[in-house]
Amino acid sequence: MADAVIVVVLLLVAATATAAVATRDPSRQALVLSLQGVVLAVLFTVLQAPDVALSQLAVGSALTPLLIMLSVRKVRRRARTTDEGGDG
Amino acid sequence: MNAWILAATILLGAGLTAALWGVASGPLSRRMVAQNLTTAVACPSLLLLAQGYHRPSYVDLALLLALLGPVGTLVFARLLADELAVATPAAWGLTWTAAGVSAAVVVAVCAATGPSRAMVKLLVTGVLLIGGNLVASRALQGGFRQVRGG
Amino acid sequence: MTRRTALAATAELAAWWAAFGLLWLVLVSTVDALEVLVGASAAAVGAVAARAGRRAVTAR
Amino acid sequence: MSRRLRLAVLAVGGTGLAALLVLACLDLPSFGGRWHPYGEAAVRASLDRHTANTVAFVNFDLRAHDTLGEMSILFAAVVGCVVLLRQARDEHREPPQPSDVAPPVRRYALLVLPVALVVGLYVVAHGQLSPGGGFQGGVVAATALHLLYLGADYRALERVRPIGTYEVTDALGTCAYLVVGLAGVLAGTAFLANTLLPYGTFNTLSSGGTVPLLNAAIGMEVTSAVVVLLARFLDQAVEIEEEQGS
Numbered sequence: 047m048a049d050a051v052i053v054v055v056l057l058l059v060a061a062t063a064t065a066a067v068a069t070r071d072p073s074r075q076a077l078v079l080s081l082q083g084v085v086l087a088v089l090f091t092v093l094q095a096p097d098v099a100l101s102q103l104a105v106g107s108a109l110t111p112l113l114i115m116l117s118v119r120k121v122r123r124r125a126r127t128t129d130e131g132g133d134g
Numbered sequence: 407m408n409a410w411i412l413a414a415t416i417l418l419g420a421g422l423t424a425a426l427w428g429v430a431s432g433p434l435s436r437r438m439v440a441q442n443l444t445t446a447v448a449c450p451s452l453l454l455l456a457q458g459y460h461r462p463s464y465v466d467l468a469l470l471l472a473l474l475g476p477v478g479t480l481v482f483a484r485l486l487a488d489e490l491a492v493a494t495p496a497a498w499g500l501t502w503t504a505a506g507v508s509a510a511v512v513v514a515v516c517a518a519t520g521p522s523r524a525m526v527k528l529l530v531t532g533v534l535l536i537g538g539n540l541v542a543s544r545a546l547q548g549g550f551r552q553v554r555g556g
Numbered sequence: 385m386t387r388r389t390a391l392a393a394t395a396e397l398a399a400w401w402a403a404f405g406l407l408w409l410v411l412v413s414t415v416d417a418l419e420v421l422v423g424a425s426a427a428a429v430g431a432v433a434a435r436a437g438r439r440a441v442t443a444r
Numbered sequence: 376m377s378r379r380l381r382l383a384v385l386a387v388g389g390t391g392l393a394a395l396l397v398l399a400c401l402d403l404p405s406f407g408g409r410w411h412p413y414g415e416a417a418v419r420a421s422l423d424r425h426t427a428n429t430v431a432f433v434n435f436d437l438r439a440h441d442t443l444g445e446m447s448i449l450f451a452a453v454v455g456c457v458v459l460l461r462q463a464r465d466e467h468r469e470p471p472q473p474s475d476v477a478p479p480v481r482r483y484a485l486l487v488l489p490v491a492l493v494v495g496l497y498v499v500a501h502g503q504l505s506p507g508g509g510f511q512g513g514v515v516a517a518t519a520l521h522l523l524y525l526g527a528d529y530r531a532l533e534r535v536r537p538i539g540t541y542e543v544t545d546a547l548g549t550c551a552y553l554v555v556g557l558a559g560v561l562a563g564t565a566f567l568a569n570t571l572l573p574y575g576t577f578n579t580l581s582s583g584g585t586v587p588l589l590n591a592a593i594g595m596e597v598t599s600a601v602v603v604l605l606a607r608f609l610d611q612a613v614e615i616e617e618e619q620g621s
């Protein structure tokens with residue numbers, strides 16, 4: 047009974063990771079990934095590893111989404127400029 | 407297992423399952439609202455867990471999430487602004503419910519702590535959490551309407 | 385920079401510094417001399433960042 | 376190699392891996408047991424050296440060499456990123472357009488920027504006392520600066536972020552870690568040995584010998600490294616344009 051919270055969070059981690067793999071579009075995937083970062087941080091907390099949870103929170107909640115979304119924007123912009131260049 | 411951890415388990419199980427369902431399916435606006443909901447669910451749970459484990463230093467985790475969670479939502483709102491402009495998410499009911507739950511959890515944890523500096527820290531966390539949540543919801547609804555290219 | 389703007393700048397920095405000093409005192413668990421010193425320095429960094437951020441947005 | 380053969384090879388490998396994993400799991404100690412030989416040794420050594428947070432003790436005292444390696448990885452990754460994402464000859468910079476952000480969002484960003492910075496510094500300074508440390512606090516402090524991009528625009532961020540300074544600070548943080556390590560050698564013990572400073576009073580900022588110093592060096596390195604890394608990504612995503620028809 048005392049481990050119920052660990053079981054619940056482990057199931058959530060498994061479900062979120064599966065959802066992250068099953069999502070195809072990178073920007074939608076980044077959304078699921080940020081959720082997974084938070085769930086992983088909660089898992090580390092209930093396993094009594096607050097230092098690791100803090101690292102996961104710091105990296106997963108804002109930094110990783112920012113890096114992914116900037117890369118997606120660069121790739122999309124590049125595709126757009128090449129299209130325009132091809133037309134002209 | 408005490409009542410605090412039980413409450414955290416229920417909040418995590420119900421809230422994060424709903425957030426996962428919202429974030430993994432449906433149109434972009436729904437996904438964004440669900441992503442914003444994540445912070446509002448996980449941060450109060452971390453406060454409850456800190457109280458349940460009798461570890462005041464675990465409050466730092468909730469404080470960091472209250473600061474950085476809304477920043478994550480702002481990242482998505484800003485960089486997906488063109489797509490969001492087509493279908494603006496409107497979920498003020500959900501936002502205010504989340505704010506109410508956060509406020510209730512913060513008040514309960516504060517009452518258990520008693521008047522001290524630790525209680526002020528909990529209140530600061532609560533203010534940052536609720537304020538961040540409201541601002542992130544506002545940002546989703548055309549907060550970055552004029553952003554193009556930048 | 386005239387005397388008036390210098391005064392305004394000092395007042396703004398001092399207000400931010402006091403606010404962040406209080407925030408630091410709320411965050412820490414035990415208070416001693418070194419803690420107050422480190423807190424005051426961190427609050428000074430925060431005050432400079434707050435003013436720089438505000439000026440970067442308004443001065444255009 | 377046909378599809379069937381590939382699937383057969385995969386099945387053989389997968390079955391073998393599954394069998395090994397099951398065998399390994401059968402031999403594991405039960406979940407949440409009370410028997411942690413390494414943990415107990417680490418906690419005892421950490422209390423000997425007056426470091427309240429055992430994880431910080433392991434990172435910056437017992438296994439300080441590992442942290443040196445991790446820091447070098449981050450440093451090398453940032454240097455590689457700076458080289459790869461530089462402005463190429465057939466690219467030009469286009470100044471980003473100023474953007475119009477809703478006033479509440481802007482006010483929130485301007486308020487949370489310094490608050491997150493102070494909290495980041497708090498996490499760095501209290502690494503040896505409470506959960507946290509140089510890496511976590513550094514990432515928070517670096518993220519805080521980028522609220523200026525989110526709440527205003529890239530030009531506002533560029534005004535408060537002299538990138539050259541951050542590149543120098545990155546190198547300085549790395550050097551500071553090595554200098555603290557070498558000071559141990561000069562004092563007659565060993566590289567990164569925590570015998571240099573008095574261990575101080577338990578649970579105060581000055582406890583733990585060289586742990587707070589190494590923590591601060593890592594905090595400095597990580598903050599600057601993340602700022603430099605994000606600056607390159609932002610440059611590419613916002614400013615740098617390819618020449619037409621190239």
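Chains as they are written, first to last, in our numbering: chain A, 47 to 134; chain B, 407 to 556; chain C, 385 to 444; chain D, 376 to 621. We treat Cβ as the ideally placed atom computed from N, Cα and C, and that holds for glycine.
Residue i by DSSP, collapsed to three states: which one?
i: glutamate 616 of chain D; result: strand
i: arginine 468 of chain D; result: strand
i: alanine 399 of chain C; result: helix
i: valine 476 of chain D; result: coil
i: histidine 501 of chain D; result: coil
i: glutamine 547 of chain B; result: coil
i: valine 454 of chain D; result: helix
i: phenylalanine 577 of chain D; result: coil
i: asparagine 590 of chain D; result: helix
i: serine 621 of chain D; result: A caution first: serine 621 of chain D carries a pLDDT of 42, below 50, which makes its placement in the model unreliable, though a value can still be read off. Here serine 621 of chain D sits in coil by DSSP.
In whole angstroms, what is the alpha-carbon distance linking residue i and residue j?
i: glutamate 616 of chain D; j: alanine 519 of chain D; result: 27 Å
i: alanine 542 of chain B; j: alanine 483 of chain B; result: 8 Å
i: alanine 168 of chain A; j: tyrosine 413 of chain D; result: Since the first residue shown for chain A is 47 and the last is 134, residue 168 of chain A is missing from the structure and cannot be characterised.
i: tyrosine 497 of chain D; j: alanine 402 of chain C; result: 16 Å
i: valine 332 of chain D; j: serine 474 of chain D; result: Missing from the structure shown is residue 332 of chain D; chain D here goes from 376 to 621 and no further.
i: leucine 86 of chain A; j: alanine 63 of chain A; result: 10 Å
i: valine 92 of chain A; j: valine 429 of chain B; result: 23 Å
i: valine 515 of chain B; j: alanine 424 of chain C; result: 29 Å
i: alanine 50 of chain A; j: alanine 409 of chain B; result: 13 Å
i: leucine 492 of chain D; j: glycine 583 of chain D; result: 25 Å
i: valine 387 of chain D; j: threonine 69 of chain A; result: 29 Å
i: proline 506 of chain D; j: arginine 124 of chain A; result: 42 Å
i: tyrosine 464 of chain B; j: glutamine 457 of chain B; result: 8 Å
i: valine 98 of chain A; j: phenylalanine 90 of chain A; result: 7 Å
Counting contacts by CB-CB distance shorter than 9 Å, is residue i in contact with chain C?
i: valine 490 of chain D; result: yes
From this set, the options, which residue's C-alpha is nearest residue i's C-alpha?
i: alanine 108 of chain A; options: D:Val433, D:Val514, D:Val554 and D:Arg379; result: D:Val514
i: leucine 485 of chain B; options: A:Thr127, A:Ala125 and A:Ser117; result: A:Ser117
i: glycine 405 of chain C; options: C:Ala395, C:Arg438, C:Glu419 and C:Ala393; result: C:Glu419
i: leucine 455 of chain B; options: B:Ile416, B:Leu546, B:Leu534 and B:Arg437; result: B:Ile416
i: alanine 413 of chain B; options: B:Gly548, B:Ala440, B:Arg436 and B:Val447; result: B:Val447
i: aspartate 545 of chain D; options: D:Leu604, D:Tyr529 and D:Asp465; result: D:Leu604
i: glycine 106 of chain A; options: B:Leu469, B:Tyr464 and B:Leu474; result: B:Leu474
i: valine 429 of chain C; options: C:Thr386, C:Ser413 and C:Trp408; result: C:Trp408
i: leucine 580 of chain D; options: D:Ala393, D:Ala427, D:Leu403 and D:Val384; result: D:Ala427
Drop a sphere of 10 angstroms on the beta-carbon of residue i, count the other beta-carbons inside from all chains shown, and report buried for 16 or more, exposed for fewer.
i: glutamate 533 of chain D; result: buried
i: serine 80 of chain A; result: buried
i: glutamate 596 of chain D; result: buried
i: phenylalanine 577 of chain D; result: exposed
i: phenylalanine 435 of chain D; result: buried
i: phenylalanine 510 of chain D; result: buried
i: aspartate 71 of chain A; result: exposed
Could you tell me whether the Cβ of residue i comes closer than 9 Å to any Cβ of chain D?
i: arginine 70 of chain A; result: no
i: valine 80 of chain A; result: In the sequence as displayed, the identity of residue 80 of chain A is serine instead of valine. With 9 Å as the cut-off, serine 80 of chain A does not count as an interface residue toward chain D.
i: glutamate 396 of chain C; result: no
i: glycine 475 of chain B; result: no
i: alanine 393 of chain C; result: no
i: alanine 424 of chain C; result: no
i: arginine 74 of chain A; result: no
i: alanine 434 of chain C; result: yes
Check whether chain B comes within 9 Å of residue i, counting only Cβ atoms and requiring the distance to be less than that.
i: valine 602 of chain D; result: no
i: valine 429 of chain C; result: no
i: valine 410 of chain C; result: yes
i: serine 413 of chain C; result: yes
i: alanine 108 of chain A; result: yes
i: tyrosine 483 of chain D; result: yes
i: glycine 507 of chain D; result: yes
i: glutamate 419 of chain C; result: no
Using 9 Å as the limit for Cβ to Cβ distance, is residue i near chain A?
i: threonine 531 of chain B; result: no
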